[in-house]
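Engineer: Residue numbers for the sequence shown follow the working numbering, beginning at 18 and rising by one.
Here it is, the structure, as structure tokens.
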Amino acid sequence: MSRNLLMILLLVLTGCVDSALPPPPSSHGTTKETITTRIIVLQPGGKEREEDKELNPSLLVGEYTRGDGYVRHHILLKKDGNFTCEVEGCRGTYGTASGVWSVEKQGVKLVDKKSAGQLKNRPPEILLILCSTEKYFLVPDEHRAECIAEGLGSNYCFEKQPKLRSDGR
């Protein structure tokens, strides 16, 4: 009989402990692994096609650059959801910005938390996502036409840079 009493007590106490615990992490509003977003797919001959696709934001993490040989823009999208942006040229750093980024329906959204110089209160807010042979580019909406016309290597497109190996190459 004492064994049955012990089992009942154990069940009652276990129920009390479970109800006092917070819900599992999955119910705390964690981000989805993929998000439906607009992607501009570039096809041979300079033709473009817009598609709504499921995209894992981690595919966009990395460094993006664009430049004309005199001024270079860098955007670093970090895995933790933060970004940094820098404009530099022959006379040094012209502007910096940092904040948070996310993938939205229209593309990559940058929310400026701190900025200085030429980027004071004006990093690009939404960057369109372009895809060509599985390589990603980010383009401010106002430069979409120029980027398509002049090519993905132009000054208008942020090109994702290859990851450096652990030895820096």
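Glycine residues also receive a C-beta, built at the ideal position from the N, C-alpha and C atoms.
If I measure Cβ to Cβ from Ile-135 and keep anything under 7 Å in the same chain, skipping five residues before and after, which residues do I get?
Structural biologist: Stepping through the sequence shown from its first residue, residue 135 is reached at position 118. Per the sequence presented here, residue 135 reads as Gln, with Ile not at that position. Excluding sequence positions up to five before and after Gln-135, its CB lies within less than 7 Å of the CB of Val-104, Tyr-111 and Gly-112, all in the same chain and listed in chain order.
Engineer: Out of Thr-51, Gly-124 and Lys-130, which one is the CA nearest neighbour of Asn-73?
Structural biologist: In the sequence shown, residue 73 corresponds to position 56, counting from 1. Among Thr-51, Gly-124 and Lys-130, the Cα nearest to that of Asn-73 is on Thr-51.
Engineer: Out of curiosity, what's the CA-to-CA distance linking Tyr-153 and Ile-92?
Structural biologist: Along the sequence shown, read from residue 1 onward, the residue named residue 153 stands at position 136. Along the sequence shown, read from residue 1 onward, the residue named residue 92 stands at position 75. Taking the straight line from one Cα to the other gives about 13 Å.
Engineer: Can you tell which of Glu-176, Gly-106 and Glu-71 has the C-alpha that lies nearest to the C-alpha of Gln-123?
Structural biologist: Residue mapping note: residue 123 aligns to position 106 of the sequence shown, counting from 1. Of the listed residues, the one whose Cα sits closest to Gln-123 is Glu-71.
Engineer: What residue range is occupied by the uninterrupted beta strand (DSSP E) comprising Cys-164?
Structural biologist: Taking the sequence shown and counting its residues from 1, one reaches residue 164 at position 147. Here Cys-164 belongs to no beta strand (DSSP E); instead the alpha helix (DSSP H) covers 161-167.
Engineer: Look up Asp-129 in the DSSP assignment and say whether it is helix, strand or coil.
Structural biologist: The sequence position of residue 129 within the sequence shown is 112, counting from 1. If DSSP states are grouped into helix, strand and coil, Asp-129 belongs with the strands.
Engineer: Could you give the distance in angstroms between the alpha-carbon of Gly-98 and the alpha-carbon of Gly-109?
Structural biologist: Within the sequence shown, residue 98 is the residue found at index 81, counting from 1. Within the sequence shown, residue 109 is the residue found at index 92, counting from 1. Distance between the alpha carbons of Gly-98 and Gly-109: 27 Å.
Engineer: With respect to 7 Å, is the separation between the Cβ of Lys-131 and the closest non-hydrogen atom of the ligand ADP below this value?
Structural biologist: Judged by which ligands are present, the structure shown has none, so any question about the ligand ADP falls away.
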